[in-house]
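**Q** For the sequence shown, position 160 matches number 162 in the numbering used here, and the numbering has no gaps at all.
Below is the structure I would like to discuss, written out as structure tokens.
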Amino acid sequence: MNCKPGIYGVSTQSGRAFFADFLSKGLQSYGYARATEHGRAAVSCFNARGGIYLERPPNNIGEESRFIPLGMSSVGHSLDELLTRSDFIFLSHPSQHLEESVSLLKEAGLMQRQIPLVLTPPRTLAAPYLWRIVGENYPLICFSTSPYSAKALENGVYIKRRKRSWMVSLEGEVSEEQREQISEIFPQVLFNRVPATTSLGNIGAVFHPGGYLLNYDDIEKRQRQGEPYSFYMEGIAARPEVGELLEEIDQIRLRIAYKLNMPVFGLYGNDREEEWQAMMARLRLAESRTEKRDIQTLRKMRHECLSTIHNAIVSAQHWLDYSYGVARIPGESLANAVSRTPTYQKRSVPQRRYLDEDIPTGLVPLEALAKRFDIDCTAISRILDLYGEKEGKEPRASGRNLQPFTTEYLIRYLKGCPDEEMPDVSMPDTNSTIRSYL
């Protein structure tokens, strides 16, 4: 591979994970960090040690914890170096900072080189806001989720798990050659040119804000006491009533997608369960016939088996199935599915970004979209109101409230079909009772 991926935000947990994987693959990369105290500490550490330490838990692919030398790669605080040395720029920080970062890149000369920006992830409806800065159809490669469950270490990164597959929407003027280069780095991704797959495929908006706010007092108490709190196990798996509320938020995503005539799996009243089970049975059969340590073959095989859903919006339970291998059980509650997810059972701590990022870039635009399409969004609205009560801030004032954009523009953008009109479809009766404690 001759591709040179740059990283904006190499000091973040996902930035470190990208950097470690790029170095492992023999790719030449420049890792940029802003010259904050945190950024300077990371750059100084990597330069002083001449590389990055990758910690891995016991795993079935035989990957061991190890030190990875920089080689021809480097890290620093120069945007000019980042622009000069990169074929792609991976923005690996929380998505509420994307507009600021893209503005800084533009000032540094981004427009002269037209380097594709890889948003990892953009969360919901980032591109319309970014195109106001760099121009309509500037090339954006949008990951539906971060490829990693990772934590930053003082001298490197702990990659708890890499996701098996995820959606990538190619937005704006992304060439076929550029798509192939990303595919070489991540052969397991499912490409499409339908932005709804990443904007409505924002799983973080389902789990994070509600899971945090409905456990807000307990989380704050544990933090004051200096004691750990297992976000997924204690906050969701052990509290079925929280899981039910998160499922309602999840269904709002799916109703919006259904309204847009998008392929949907897991919508109440139209779940397409037989199709899903048949697809996953083929995948698991293929996996059973492949050597577990042959990770590249596994990734390519998963890509082929999951191609059916490359442009689909799936429920949180279905997402756990294809992302983490937590086999779907029809009719199972979200809380129980979370309890069976190994990656959530270890080091699952609440993070401030669950509010600071997922409120303004997740629930705020999803609520705005639902209201545009006359879809009941009571569950989302109550979580946003709860945020206002707990944090003393009005989230809709500064988040992606979609006010700059017409409904027609948003429909065209989400569907990736500029000439299509809003489909006139009737919704199934999917409303469920919102619990009184909200």
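The beta carbon of each residue, even a glycine, is placed where N, CA and C say it ideally should be.
1) For the beta strand (DSSP E) that contains residue 145, what are its first and last residues?
2) Who are the near neighbours of residue 233 in its chain, counting only those whose CB is closer than 7 Å to its CB and skipping five residues on each side?
3) Check whether the region 219 to 235 and the region 253 to 264 are in contact - that is, three or more C-beta pairs closer than 8 Å.
4) Taking the alpha carbon of residue 163 as the reference point, which residue from 220, 61, 408 has its own alpha carbon closest?
5) Can you tell me which of 92, 23, 290, 89 puts its alpha carbon nearest to the alpha carbon of residue 69?
6) To test your reading of the DSSP string, which unbroken beta strand (DSSP E) runs of 3 or more residues are found completely within the region 139 to 197?
7) How many Å lie between residue 387 and residue 211 at the Cα?
8) Which residue wins for smallest C-alpha separation from residue 218, given the options 357, 302, 81, 256?
9) By the DSSP assignment, the alpha helix (DSSP H) with residue 269 in it spans what residues?
10) Can you check DSSP and say which residues form a bridge with residue 244?
11) Residue 135 and residue 104: beta carbons closer than 8 Å?
12) Report the rounded CA-to-CA distance for residue 255 versus residue 100, giving the unit in angstroms.
13) Which residues share a DSSP beta bridge with residue 78?
14) Figure out for me which residue from 39, 38, 91 has the closest Cα to the Cα of residue 30.
15) Using a Cβ-Cβ cutoff of less than 6 Å, which residues in the same chain neighbour residue 129 once the five nearest sequence positions on both sides are dropped?
16) Could you say if the region 269 to 281 and the region 387 to 401 meet the contact criterion of at least three C-beta pairs nearer than 8 Å?
17) Touch check for the region 35 to 49 and the region 69 to 79: three-plus C-beta pairs under 8 Å?
18) Quick one: what does DSSP say residue 214 is sitting in, helix, strand or coil?
19) Tell me which same chain residues have a C-beta within less than 8 Å of the C-beta of residue 71, skipping the five on either side of it?
20) What number of angstroms, rounded off, separates the C-alpha of residue 223 from the C-alpha of residue 347?
21) State buried or exposed for residue 394, treating a residue as buried only when at least 16 other CB atoms are found within 10 Å of its CB.
22) Answer yes or no: do residue 245 and residue 337 have a C-beta to C-beta separation smaller than 8 Å?
23) Between residue 131 and residue 412, what straight-line distance do the alpha-carbon atoms span, to the nearest angstrom?
24) DSSP on residue 63, reduced to helix/strand/coil?
**A** According to the data block:
1) Counting from one through the sequence shown, the residue named residue 145 turns up at place 143. Note, residue 145: beta strand (DSSP E), 142 to 145.
2) By 1-based counting over the sequence shown, the position of residue 233 is 231. Around residue 233: 213, 350, 351, 352.
3) no
4) Within the sequence shown, the letter at position 161 stands for residue 163. With distances taken between Cα atoms, residue 163 lies closest to 61.
5) In the sequence shown, counting from the first residue as 1, residue 69 sits at position 67. When each option's Cα is compared against that of residue 69, the closest is 23.
6) 142 to 145, 150 to 155, 158 to 164, 169 to 173, 192 to 194
7) Counted from its first residue, the sequence shown places residue 387 at position 385. Counted from its first residue, the sequence shown places residue 211 at position 209. Across the structure, residue 387 and residue 211 are spaced so that their CA atoms are roughly 12 Å apart.
8) Residue 218 sits at position 216 when you count from the first residue of the sequence shown. Looking at the Cα atoms, 357 is the closest of the given residues.
9) For the purposes of this step, residue 269 is taken as the residue at position 267 of the sequence shown. It is not in any alpha helix (DSSP H) - residue 269 carries neither H nor E in the DSSP assignment.
10) In the sequence shown, residue 244 corresponds to position 242, counting from 1. None, per the DSSP bridge assignment.
11) As a working note, residue 135 is residue 133 in the sequence shown. As a working note, residue 104 is residue 102 in the sequence shown. Yes, these two residues count as a Cβ contact at 8 Å.
12) Residue mapping note: residue 255 aligns to position 253 of the sequence shown, counting from 1. Residue mapping note: residue 100 aligns to position 98 of the sequence shown, counting from 1. Near 22 Å, if we compare the C-alpha coordinates of residue 100 and residue 255.
13) Here the question's residue 78 lines up with position 76 in the sequence shown. The partner list for residue 78 (beta bridge, DSSP) reads 34.
14) On the sequence shown, position 28 is the one that residue 30 refers to. Comparing Cα positions, the closest option is 91.
15) Along the sequence shown, one-based indexing puts residue 129 at 127. Excluding positions up to five away in sequence, the list reads 142, 173.
16) no
17) yes
18) To locate residue 214, count along the sequence shown from 1; it is residue 212. Looking at residue 214 - three-state DSSP - the assignment turns out to be helix.
19) As a position in the sequence shown, residue 71 is number 69, starting the count at 1. The answer, listed in chain order, is 25, 52, 53.
20) In the sequence shown, counting from the first residue as 1, residue 223 sits at position 221. In the sequence shown, counting from the first residue as 1, residue 347 sits at position 345. Each residue's Cα considered, the two are about 21 Å apart.
21) Residue 394 sits at position 392 when you count from the first residue of the sequence shown. Flag for residue 394 reads exposed.
22) Translated into positions along the sequence shown, residue 245 becomes position 243. Translated into positions along the sequence shown, residue 337 becomes position 335. Taking 8 Å as the Cβ cut-off, residue 245 and residue 337 qualify as a contacting pair.
23) Walking along the sequence shown from the start, residue 131 turns up at place 129. Walking along the sequence shown from the start, residue 412 turns up at place 410. Cα-Cα distance, rounded: 11 Å.
24) In the sequence shown, residue 63 corresponds to position 61, counting from 1. DSSP places residue 63 in coil when its eight states are reduced to three.
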